[in-house]
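> Chains as they are written, first to last, in this note's numbering: chain H, 1 to 178; chain S, 1 to 178.
Idealized CB from N, CA, C, for every residue including glycine.
(1) So which residues of chain H does residue 159 of chain S contact, with C-beta pairs closer than 7 Å?
(2) Is residue 154 of chain S helix, strand or coil by DSSP?
(3) Just tell me which of S/18, S/52, S/36 and S/41 has its CA closest to the CA of residue 43 of chain H.
(4) Would you mind giving the Cβ-Cβ distance between residue 186 of chain S and residue 158 of chain H, rounded to the nearest angstrom? I have them listed as a contact below 8 Å.
(5) Locate the beta strand (DSSP E) running through residue 180 of chain S, then write down its first and last residues.
(6) If you measure beta-carbon to beta-carbon, which residues of the stretch 73-89 of chain S are closer than 7 Å to chain H?
(7) Looking at the structure shown, is residue 83 of chain S part of a helix, part of a strand, or coil, going by DSSP?
(8) Does the beta carbon of residue 175 of chain H come closer than 8 Å to any beta carbon on chain S?
(9) Would you please state the rounded distance, in angstroms, between the beta carbons of residue 85 of chain S and residue 34 of chain S? I believe it to be under 8 Å.
(10) Just how far apart, CA to CA, sit residue 39 of chain S and residue 11 of chain S?
(11) Would you mind telling me which residues of chain S sit closer than 8 Å to residue 38 of chain H, beta carbon to beta carbon, in chain order?
(12) Do residue 156 of chain H and residue 79 of chain S count as a contact pair if the criterion is CB distance below 8 Å?
(13) Just to confirm my understanding: we take residue 95 of chain S, look at its own chain, exclude 5 residues before and 5 after, and list those with CB closer than 6 Å. What are they?
(14) Check for me: the beta strand (DSSP E) holding residue 164 of chain H runs from which residue to which?
(15) Show which residues of chain S have a CB atom less than 8 Å away from the CB atom of residue 96 of chain H.
(16) Tell me, which residues are paired with residue 136 of chain S by DSSP?
(17) Can you tell which of S/169, S/143, S/108 and S/20 has the C-alpha that lies nearest to the C-alpha of residue 45 of chain S?
(18) Between residue 76 of chain S and the rest of its own chain, which residues show a CB-CB distance below 7 Å, the 5 nearest in sequence each way excluded?
(19) Can the beta-carbon of residue 90 of chain H be found closer than 8 Å to that of residue 59 of chain H?
(20) Measuring alpha carbon to alpha carbon, tell me which of S/124, S/136 and S/117 ends up nearest residue 129 of chain H.
(21) Cβ closer than 7 Å: which chain H residues qualify as neighbours of residue 165 of chain S?
(22) Can you round the beta-carbon distance between residue 124 of chain H and residue 109 of chain H to whole angstroms, since I take them to be within the 8 Å contact cut?
(23) Hey, could you find the ends of the alpha helix (DSSP H) residue 63 of chain S is sitting in?
(24) Buried or exposed: residue 148 of chain S, going by 16 or more other Cβ atoms within 10 Å of its Cβ?
(25) Tell me which residue opens and which closes the alpha helix (DSSP H) that residue 15 of chain H is part of.
(26) So, is residue 29 of chain H buried or exposed, given that buried needs 16 or more other C-beta atoms within 10 angstroms?
(27) In terms of residues, what are the limits of the beta strand (DSSP E) holding residue 126 of chain H?
(28) Closer than 8 Å, CB to CB, is residue 64 of chain S near chain H or not?
(29) Should residue 106 of chain H go down as buried or exposed, given a rule of 16 or more other Cβ atoms within 10 Å for buried?
(30) Which residues in chain H sit within 7 Å of residue 91 of chain S, going by Cβ to Cβ distance?
(31) Going by other Cβ atoms of all chains shown within 10 Å of its Cβ, with 16 needed for buried, is residue 9 of chain S buried or exposed?
(32) Going by beta-carbon coordinates alone, are residue 69 of chain S and residue 102 of chain S separated by less than 8 Å?
Take a look at the structure:
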């Protein structure tokens with residue numbers, strides 16, 4: 001995709017709807033991918049994102065050691081790959097190769113962007129105070145990319161056990177909310 | 001609605017898709033409602049929920065003082081009320097009266113359930129270590145209720161500035177993910 005730089009001040013609008021994301025990490029030069037649903041915005045600008053990554057995940061060690069990751073947002077066409085990534089471990093397989101996903105270089109962090117995802121957020125760990133108790137990381141988004149042709153992304157929203165809601169109709173109401 | 005008790009072990013499936021919620025609090029006997037989108041699951045069981053509530057909100061003081069709230073999940077029919085609640089302050093108006101929402105007693109906490117919402121989660125503050133820095137509360141869900149007739153809730157997912165995605169089609173993929 002021919003991604004464009006996306007303003008950090010608008011990043012919240014990508015994550016606030018609650019999509020499943022693919023998180024890329026890099027550890028000793030080896031990139032990995034995990035599927036993640038437990039994340040929330042915490043601040044508008046600079047954009048802060050809170051997320052829980054299970055200590056059982058290979059990505060947990062990579063994120064804790066490198067303090068960098070990329071949050072990639074997939075759409076419904078990638079559903080089968082999203083589940084495949086979530087059901088396999090980077091300890092055993094190269095998920096980029098296995099699921100036919102394309103790694104593209106990021107600008108400010110070592111982990112790669114996933115080209116097939118319509119948005120990519122380069123992140124650095126900003127606070128690890130709650131990692132020991134809850135596996136909860138506070139990330140700062142330092143650079144954002146978007147595929148500008150995707151106006152109404154059909155994001156995936158996980159209800160558990162492989163059941164996903166696909167983003168449906170968009171409605172606009174008069175609001176003073178940001 | 002004729003709500004039924006809902007297993008705490010399944011609560012994550014209600015919040016993991018990222019719906020906008022209405023949070024009720026009670027302070028000195030007065031109930032209030034706020035609209036919230038910045039929340040994430042943090043643990044399956046007992047279910048823990050992390051959420052950010054701006055210090056500018058009247059509900060922030062109520063939650064910090066009382067350490068109790070209810071997370072109520074609305075569906076698309078309530079969209080106009082969700083925006084109305086988000087655009088007004090409990091300092092000035094009784095939002096239950098103004099928006100025609102019905103307060104029902106909770107069982108384990110003082111703030112009321114909103115009857116019109118298809119699911120209600122009674123919560124207590126479990127950790128307030130990140131409140132000062134990020135307005136971030138960790139809540140434990142202590143009791144959950146659901147309207148069993150709502151099988152595929154048309155939840156709302158906020159993209160910012162009053163633009164909402166409505167939950168669309170549901171897809172089920174073979175998965176080992178919880």
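Quick look at the numbers:
(1) The residue given as residue 159 of chain S occupies position 159 in the second chain. Going along chain H in sequence order, the residues near residue 159 of chain S (Cβ under 7 Å) are 13, 16 and 17.
(2) Reading the second chain from its first residue, position 154 is the one you call residue 154 of chain S. In the structure shown, residue 154 of chain S sits in coil (DSSP, three-state: anything other than H, G, I, E or B).
(3) Here residue 43 of chain H is taken as the residue at index 43 of the first chain, counted from 1. Nearest Cα to residue 43 of chain H within the set S/18, S/52, S/36 and S/41: S/52.
(4) Not covered by the structure: residue 186 of chain S. The range shown for chain S is 1 to 178.
(5) Within the shown structure, residues of chain S are numbered from 1 to 178, placing residue 180 of chain S beyond reach of any answer.
(6) 79, 80, 83, 86 and 87
(7) Taking the first residue of the second chain as position 1, residue 83 of chain S is located at position 83. In this structure, residue 83 of chain S counts as helix in the three-state DSSP scheme.
(8) Start at 1 with the first residue of the first chain, and residue 175 of chain H comes out as number 175. True, the Cβ-Cβ gap to chain S drops below 8 Å.
(9) Taking the first residue of the second chain as 1, we reach residue 85 of chain S at position 85. Taking the first residue of the second chain as 1, we reach residue 34 of chain S at position 34. At roughly 7 Å, the Cβ-Cβ gap stays under 8 Å, so residue 85 of chain S and residue 34 of chain S are in contact.
(10) Your numbering for residue 39 of chain S matches position 39 in the second chain. Your numbering for residue 11 of chain S matches position 11 in the second chain. Rounded to the nearest whole angstrom, the CA to CA distance from residue 39 of chain S to residue 11 of chain S is 14 Å.
(11) Taking the first chain and counting its residues from 1, the one referred to as residue 38 of chain H is at position 38. Simply 16, 40, 41 and 42.
(12) As a working mapping, residue 79 of chain S is identified with position 79 in the second chain. As a working mapping, residue 156 of chain H is identified with position 156 in the first chain. Not a contact, by the Cβ cut-off of 8 Å.
(13) Taking the second chain and counting its residues from 1, the one referred to as residue 95 of chain S is at position 95. Only 33 and 85 meet the Cβ criterion.
(14) Within the first chain, residue 164 of chain H is the residue found at index 164, counting from 1. From DSSP, the beta strand (DSSP E) with residue 164 of chain H extends over 163-172.
(15) Taking the first chain and counting its residues from 1, one reaches residue 96 of chain H at position 96. Those within 8 Å of residue 96 of chain H in chain S number zero; the least Cβ separation is about 20 Å.
(16) In the second chain, counting from the first residue as 1, residue 136 of chain S sits at position 136. DSSP, once it has assigned bridges, lists S/52 as partnering residue 136 of chain S.
(17) Stepping through the second chain from its first residue, residue 45 of chain S is reached at position 45. The candidate whose alpha carbon is nearest that of residue 45 of chain S is S/143.
(18) Working through the second chain from its first residue, we reach residue 76 of chain S at position 76. Cβ neighbours of residue 76 of chain S beyond the five flanking positions: 154, 156 and 166.
(19) For the purposes of this step, residue 90 of chain H is taken as the residue at position 90 of the first chain. For the purposes of this step, residue 59 of chain H is taken as the residue at position 59 of the first chain. Judged by their CB atoms, residue 90 of chain H and residue 59 of chain H are nearer to each other than the 8 Å cut-off.
(20) If you number the first chain from 1, residue 129 of chain H lands on position 129. Of S/124, S/136 and S/117, the residue nearest in Cα terms is S/136.
(21) Locating residue 165 of chain S in the second chain gives position 165, where the first residue counts as 1. Neighbours of residue 165 of chain S on chain H, chain order: 17, 167, 168 and 170.
(22) By one-based count along the first chain, residue 124 of chain H stands at place 124. By one-based count along the first chain, residue 109 of chain H stands at place 109. Contact holds; Cβ gap of about 7 Å.
(23) Position 63 of the second chain holds residue 63 of chain S. Segment 58-66, the alpha helix (DSSP H) holding residue 63 of chain S.
(24) Within the second chain, the letter at position 148 stands for residue 148 of chain S. By the beta-carbon neighbour count (other beta carbons within 10 angstroms, threshold 16), residue 148 of chain S is exposed.
(25) As a working mapping, residue 15 of chain H is identified with position 15 in the first chain. 12-15 is the extent of the alpha helix (DSSP H) around residue 15 of chain H.
(26) Stepping through the first chain from its first residue, residue 29 of chain H is reached at position 29. Looking at its Cβ environment, which holds fewer than 16 other Cβ atoms inside 10 Å, residue 29 of chain H is exposed.
(27) The sequence position of residue 126 of chain H within the first chain is 126, counting from 1. For residue 126 of chain H, the uninterrupted beta strand (DSSP E) run begins and ends at 119-127, by DSSP.
(28) Walking along the second chain from the start, residue 64 of chain S turns up at place 64. Output row for residue 64 of chain S: interface = no.
(29) By one-based count along the first chain, residue 106 of chain H stands at place 106. Burial call: buried.
(30) Here residue 91 of chain S refers to the residue found at position 91 of the second chain. Under the 7 Å cutoff, chain H gives no residues; its nearest Cβ is about 16 Å from residue 91 of chain S.
(31) The residue given as residue 9 of chain S occupies position 9 in the second chain. Burial call: exposed.
(32) Here residue 69 of chain S is taken as the residue at index 69 of the second chain, counted from 1. Here residue 102 of chain S is taken as the residue at index 102 of the second chain, counted from 1. Not in contact: residue 69 of chain S and residue 102 of chain S (Cβ atoms no closer than 8 Å).
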